[in-house]
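Asks: These protein sequence lines are chains A and B, in that order. In terms of my numbering, the first sequence opens at residue 8 and continues consecutively. In terms of my numbering, the second sequence opens at residue 8 and continues consecutively. Think of the CB as a built atom: it goes at the ideal place given N, C-alpha and C, for glycine as much as any other residue.
Protein chains: 2
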Amino acid sequence: MRFKPSTIKDIALALNLSTSTVSRAMRDSYEISAETKKLVLDYAKKINYTANPIARSLKERRSYSIGIIVSEIANNFYSQVINGVESIAHNKNYQVVISQTHESAEREKMNVEYLSSRSVDGLLISLSSETNNIEYLKTLHNQGYPIVFFDRIPEDFDTFKVTSNNFKGAFDATEHLILNGHRRIAHLTNSKSLSITKERLAGYQGALKKHHIAYDENLVKFSEYGGMHMQEIDEAIDALFQQKFDAIFISGDKLSTGYLMYSKKKYPKLISKIAIAGFTNSNVVSIFSPSLTVVRQPAFEMGKVATDLLIQMIEAKRPITEYETITLETELIDEKDLKL
Amino acid sequence: MRFKPSTIKDIALALNLSTSTVSRAMRDSYEISAETKKLVLDYAKKINYTANPIARSLKERRSYSIGIIVSEIANNFYSQVINGVESIAHNKNYQVVISQTHESAEREKMNVEYLSSRSVDGLLISLSSETNNIEYLKTLHNQGYPIVFFDRIPEDFDTFKVTSNNFKGAFDATEHLILNGHRRIAHLTNSKSLSITKERLAGYQGALKKHHIAYDENLVKFSEYGGMHMQEIDEAIDALFQQKFDAIFISGDKLSTGYLMYSKKKYPKLISKIAIAGFTNSNVVSIFSPSLTVVRQPAFEMGKVATDLLIQMIEAKRPITEYETITLETELIDEKDLKL
DNA sequence: CTGAAAGCGCTAACAC
DNA sequence: GTGTTAGCGCTTTCAG
Chain A
8 MRFKPSTIKD
18 IALALNLSTS
28 TVSRAMRDSY
38 EISAETKKLV
48 LDYAKKINYT
58 ANPIARSLKE
68 RRSYSIGIIV
78 SEIANNFYSQ
88 VINGVESIAH
98 NKNYQVVISQ
108 THESAEREKM
118 NVEYLSSRSV
128 DGLLISLSSE
138 TNNIEYLKTL
148 HNQGYPIVFF
158 DRIPEDFDTF
168 KVTSNNFKGA
178 FDATEHLILN
188 GHRRIAHLTN
198 SKSLSITKER
208 LAGYQGALKK
218 HHIAYDENLV
228 KFSEYGGMHM
238 QEIDEAIDAL
248 FQQKFDAIFI
258 SGDKLSTGYL
268 MYSKKKYPKL
278 ISKIAIAGFT
288 NSNVVSIFSP
298 SLTVVRQPAF
308 EMGKVATDLL
318 IQMIEAKRPI
328 TEYETITLET
338 ELIDEKDLKL
Chain B
8 MRFKPSTIKD
18 IALALNLSTS
28 TVSRAMRDSY
38 EISAETKKLV
48 LDYAKKINYT
58 ANPIARSLKE
68 RRSYSIGIIV
78 SEIANNFYSQ
88 VINGVESIAH
98 NKNYQVVISQ
108 THESAEREKM
118 NVEYLSSRSV
128 DGLLISLSSE
138 TNNIEYLKTL
148 HNQGYPIVFF
158 DRIPEDFDTF
168 KVTSNNFKGA
178 FDATEHLILN
188 GHRRIAHLTN
198 SKSLSITKER
208 LAGYQGALKK
218 HHIAYDENLV
228 KFSEYGGMHM
238 QEIDEAIDAL
248 FQQKFDAIFI
258 SGDKLSTGYL
268 MYSKKKYPKL
278 ISKIAIAGFT
288 NSNVVSIFSP
298 SLTVVRQPAF
308 EMGKVATDLL
318 IQMIEAKRPI
328 TEYETITLET
338 ELIDEKDLKL
């Protein structure tokens, strides 16, 4: 017995009505009498009818769903963003389809192509570490396909973007380390190509400059795959430990935990002497050891804002031409306060 | 300019062919000449044609996608399961749609109803803590809709199920604590209604019994929402600390980290005296403090196995009537080994 | 207030 | 080897 759900036709047949009447009744159209509506609705309920969203999509040329592309859902930051996305989307009756790139540009492209080929009405994207060519996204967007970028946004792409104040977050974190008496501050960060990498590096440099500390590029290590491969982090850290440094500012969730794990294992003697400040949205930082001062991004909020914008784009009567980039503030949480 | 992707018709028109020829060429049908195929394929590529999956779904009455319902993607265990699911699904050309219950039975039902109404061809489900009525799932399954349960599985439901050896995982963890000299072992666990709760409780009791330790129900605390609400964990822990105990076995990711966080904050003096063993698939346990011995489930594997079974069900020529429950082994990792 | 009919993009049985 | 046609389930003119 194959699964065979009931259709509008079944209802029409049973009630001796036309499919159009049933359709209208289901959608509570004003042209249908109250009695007929009740009749249809009751029977629909009785036979457990639910409209076939596929058929509806085909007809209306939209799916009432949006896609979100992130590097990894296991990353707390992204799962929180997704919760924000869902909170808005479900309110407005959109389904959310999640897809992961695992920091691969190729998977990103495949996901975009699949999703945009009419599976979803618009796309929320945080770029992968590996991505450097987004021409295909531009083409898509120029054809009128709604795209909103968040977190890791491209520079020269005219659409809505939502991101954190990465400069300030990095600046504050670095300054926090400086104010605690540190002068040799290392920086472990993501792929050079990402917007967030550049902004956070600038924030780090800004704080150093303000406090008259010379920038030393030997203290800065990039991870091309954002720490997706543990080995990459390990090598960066090993390189850092060739230098002398008394504090480190880390630019990302995966990198922060990666640093903690590897340095704890490999450099157990040194680790307690090095102060740490890092971007992370982990909700268990209070049990991390060594402990760190964290820069926390408003992930849930970011998801909400981005989704609001995307749905606006999708539902806009006429194409939008004026876009803006929204910047949300980060929060610095001193490691001492984590224990309260 | 609205987004208007090209269709099979555009190709047919441009090449002076019929839509069916184009369709056949695209699907590499044997009845089409090599030349025509090449013509079509080349043109399709040129105009960036991709088939409309919606139309295909409507026609074929299937979507080539499967749904997975979990309590929370932020939970490491589930995100690892999802990665396993995707690895198989993508191989077999299925899309994966993820949805979260946040431990709410109502959201679970809504998700199932939405997804099963032809958005996805089958469902992988790990039940929410709150769920106690799955009649609607039985109805669905009896109508021929493919469902595979994993992790938190129902008892009286005849379909494929994939789960860990929860009894043995719990038994080993508890025995580990006993062998380390502990006698008063508390147990913090999930909702009473879940299969995993019962099995792990039995494993805990089994180990106590083997070592002639009396079972004390005051040492066992349940969390109706699996620790979804922090307050719930806090209360359970406060209640436990009314008793005397020198070790604790914790039955779940969220509960394990919840215990660590709350007891560290609220009972900082006592915490180091209490040995901990807990189920968790966190990949950062090595930086947790206090540290704990962990029971790790083969999450990725579980996702793969469950997906394999589900796709078998979906693609089966005739309804399957013989189901089995597959049990995967857990792994006990001594806290001492985490530091290596 | 309701029904008939067309059509969304695709596949496939049936011609030729 | 290719074209014609019907139909998947729904919405929506257009008629009445």
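Tell me the DSSP secondary structure of I283 of chain A in three-state form.
Replies: On the first sequence, residue 283 of chain A is found 276 positions in, with the first residue counted as 1. I283 of chain A: strand per DSSP, three-state reduction.
Asks: Between which two residues does the beta strand (DSSP E) holding K168 of chain A run?
Replies: Here residue 168 of chain A refers to the residue found at position 161 when the first sequence is read from its first residue. Run containing K168 of chain A: K168 to S171, per the beta strand (DSSP E) assignment.
Asks: Flag A81 of chain A as yes if its beta-carbon sits less than 8 Å from any beta-carbon of chain B, otherwise no.
Replies: Start at 1 with the first residue of the first sequence, and residue 81 of chain A comes out as number 74. By this cut-off, A81 of chain A is an interface position.
Asks: In three-state DSSP terms, what is H194 of chain B?
Replies: Numbered from 1 along the second sequence, position 187 holds the residue referred to as residue 194 of chain B. In this structure, H194 of chain B counts as strand in the three-state DSSP scheme.
Asks: List, from N- to C-terminal side, the beta strand (DSSP E) runs of 3 residues or more that fit wholly inside the segment 74-150 of chain A.
Replies: Qualifying beta strand (DSSP E) stretches, in chain order: 102-107 and 130-132.
Asks: Can you find a CB in chain A that lies within less than 8 Å of the CB of R303 of chain B?
Replies: Translated into positions along the second sequence, residue 303 of chain B becomes position 296. For R303 of chain B, the answer is no, since every Cβ of chain A falls outside 8 Å of its Cβ.
Asks: Would you say A300 of chain B and E336 of chain B are within 8 Å of each other, going by their C-beta atoms?
Replies: As a working note, residue 300 of chain B is residue 293 in the second sequence. As a working note, residue 336 of chain B is residue 329 in the second sequence. It is worth fixing the name first, because residue 300 of chain B is Thr in this sequence and not Ala. Cβ distance not < 8 Å, so T300 of chain B and E336 of chain B don't count as in contact.
Asks: Could you tell me how far apart the beta carbons of L134 of chain A and L201 of chain A are, in whole angstroms, since I believe they sit closer than 8 Å?
Replies: Position 127 of the first sequence, counting from 1, holds the residue named residue 134 of chain A. Position 194 of the first sequence, counting from 1, holds the residue named residue 201 of chain A. Between L201 of chain A and L134 of chain A the Cβ distance is about 7 Å, and since that is below 8 Å, they are a contact.
Asks: Any contact between the segment 278-287 of chain B and the segment 215-226 of chain B? By contact I mean 3 or more CB pairs, one from each, below 8 Å.
Replies: Short answer: they don't touch.
Asks: Exposed or buried, T332 of chain A, counting other C-beta atoms within 10 Å across all chains shown (16 or more means buried)?
Replies: Indexing the first sequence from 1 puts residue 332 of chain A at position 325. Looking at its Cβ environment, which holds fewer than 16 other Cβ atoms inside 10 Å, T332 of chain A is exposed.
Asks: How would you call A32 of chain B, buried or exposed, if buried means at least 16 neighbouring beta carbons within 10 angstroms?
Replies: Translated into positions along the second sequence, residue 32 of chain B becomes position 25. With 16 or more other Cβ atoms within 10 Å, it is buried.
Asks: Please identify the residue among A:T314, A:E113 and A:I244 whose C-alpha is closest to the C-alpha of N90 of chain A.
Replies: Numbered from 1 along the first sequence, position 83 holds the residue referred to as residue 90 of chain A. Considering only alpha carbons, the answer is A:T314.
Asks: Would S230 of chain A be called buried (16 or more neighbouring beta carbons within 10 Å of its own) or exposed?
Replies: Reading the first sequence from its first residue, position 223 is the one you call residue 230 of chain A. Counting Cβ neighbours within 10 Å, S230 of chain A comes out buried, since at least 16 surround it.
Asks: Show which residues of chain A have a CB atom less than 7 Å away from the CB atom of A62 of chain B.
Replies: Working through the second sequence from its first residue, we reach residue 62 of chain B at position 55. Residues of chain A passing the Cβ test: L65.
Asks: Let me know the secondary structure DSSP gives A323 of chain B once reduced to three states.
Replies: If you number the second sequence from 1, residue 323 of chain B lands on position 316. Residue state, collapsed to three classes: coil.
Asks: Do you know whose CA, among B:K217, B:R191, B:S293 and B:S27, lies nearest K280 of chain B's CA?
Replies: Taking the second sequence and counting its residues from 1, the one referred to as residue 280 of chain B is at position 273. Considering only alpha carbons, the answer is B:R191.
Asks: Is the segment 234-250 of chain A close to the segment 169-176 of chain A, with three or more CB pairs under 8 Å?
Replies: Output reads no: the segment 169-176 of chain A does not touch the segment 234-250 of chain A.
Asks: If you compare alpha carbons, which of A:I294, A:Y56 and A:I73 is closest to P153 of chain A?
Replies: Numbered from its first residue, the first sequence carries residue 153 of chain A at position 146. Taking only the C-alpha atoms, the option nearest P153 of chain A is A:I73.
Asks: Less than 8 Å separating the beta-carbons of T196 of chain B and L208 of chain B?
Replies: What you label residue 196 of chain B is simply residue 189 of the second sequence in a count that begins at 1. What you label residue 208 of chain B is simply residue 201 of the second sequence in a count that begins at 1. Yes; because the gap between Cβ atoms is below 8 Å, this pair is in contact.
Asks: My understanding is that L345 of chain B touches S298 of chain B, with C-beta atoms under 8 Å, so please give their C-beta distance in whole angstroms.
Replies: Here the question's residue 345 of chain B lines up with position 338 in the second sequence. Here the question's residue 298 of chain B lines up with position 291 in the second sequence. Yes, they are in contact, since the Cβ atoms of L345 of chain B and S298 of chain B sit about 7 Å apart, within 8 Å.
Asks: Do you know how far the Cα of D260 of chain A is from the Cα of L267 of chain A?
Replies: Translated into positions along the first sequence, residue 267 of chain A becomes position 260. Translated into positions along the first sequence, residue 260 of chain A becomes position 253. Whole-angstrom Cα-Cα distance: 11 Å.
Asks: Report the partner residues of E338 of chain B according to the DSSP bridge assignment.
Replies: Stepping through the second sequence from its first residue, residue 338 of chain B is reached at position 331. DSSP lists B:R303 as partners of E338 of chain B.
Asks: With DSSP as the reference, label K52 of chain B as helix, strand or coil.
Replies: By one-based count along the second sequence, residue 52 of chain B stands at place 45. The answer is helix: DSSP assigns K52 of chain B an H, G or I state.
Asks: Let me make sure I understand the geometry here. Which of B:E115, B:T181 and B:E42 has the alpha-carbon closest to that of I253 of chain B?
Replies: Here residue 253 of chain B refers to the residue found at position 246 of the second sequence. Per the sequence shown, the amino acid found at residue 253 of chain B is Asp instead of Ile. It is B:T181.
Asks: Got a sec: is the Cβ-Cβ distance from T14 of chain B to anything in chain A below 8 Å?
Replies: Position 7 of the second sequence, counting from 1, holds the residue named residue 14 of chain B. Closer than 8 Å: no.
Asks: Under 7 Å Cβ-Cβ, which residues of chain A neighbour F410 of chain B?
Replies: The displayed coordinates of chain B run from 8 to 347. Any statement about residue 410 of chain B would go beyond what the structure contains.
Asks: What does the alpha-carbon distance come out to for the pair D241 of chain A and F256 of chain B?
Replies: As a working note, residue 241 of chain A is residue 234 in the first sequence. As a working note, residue 256 of chain B is residue 249 in the second sequence. The alpha-carbon atoms of D241 of chain A and F256 of chain B are separated by roughly 33 Å.
Asks: Which whole runs of the beta strand (DSSP E) in the segment 222-270 of chain A are 3 residues long or more, in chain order?
Replies: Counting only runs of 3 or more, we get 227-229 and 254-257.
Asks: With 8 Å set as the bound, which would you pick, yes or no: does the beta-carbon of T57 of chain B sit closer than that to a beta-carbon of chain A?
Replies: Reading the second sequence from its first residue, position 50 is the one you call residue 57 of chain B. Chain A contact via Cβ: present.
Asks: Return yes when the Cβ of S78 of chain B is within less than 8 Å of the Cβ of T108 of chain B, no when it is not.
Replies: Taking the first residue of the second sequence as 1, we reach residue 108 of chain B at position 101. Taking the first residue of the second sequence as 1, we reach residue 78 of chain B at position 71. Yes; because the gap between Cβ atoms is below 8 Å, this pair is in contact.
Asks: Bridge partners for H155 of chain B per DSSP, in chain order?
Replies: By one-based count along the second sequence, residue 155 of chain B stands at place 148. Reading the sequence as shown, one finds Val at residue 155 of chain B and not His. DSSP lists B:L131 and B:F167 as partners of V155 of chain B.
Asks: Helix, strand or coil: which one does DSSP assign to F295 of chain A?
Replies: Here residue 295 of chain A refers to the residue found at position 288 of the first sequence. F295 of chain A falls in the strand class under three-state DSSP.
Asks: Measure the Cβ-Cβ separation of M237 of chain A and G210 of chain A and say whether it is below 8 Å.
Replies: Reading the first sequence from its first residue, position 230 is the one you call residue 237 of chain A. Reading the first sequence from its first residue, position 203 is the one you call residue 210 of chain A. No; because the gap between Cβ atoms is not below 8 Å, this pair is not in contact.
Asks: Could you name the residues of chain B that S126 of chain A contacts, counting a contact when the two beta carbons are closer than 7 Å?
Replies: For the purposes of this step, residue 126 of chain A is taken as residue 119 along the first sequence, with counting starting at 1. Here the neighbours are P60.
Asks: Assign E110 of chain A to buried or exposed, taking buried as 16 or more other Cβ atoms, counted over all protein chains shown, within 10 Å of its Cβ.
Replies: Position 103 of the first sequence, counted from the start, is the residue given in the question as residue 110 of chain A. Flag for E110 of chain A reads buried.
Asks: Cβ of Y71 of chain B within 8 Å of Cβ of D128 of chain B?
Replies: Along the second sequence, read from residue 1 onward, the residue named residue 71 of chain B stands at position 64. Along the second sequence, read from residue 1 onward, the residue named residue 128 of chain B stands at position 121. Yes.
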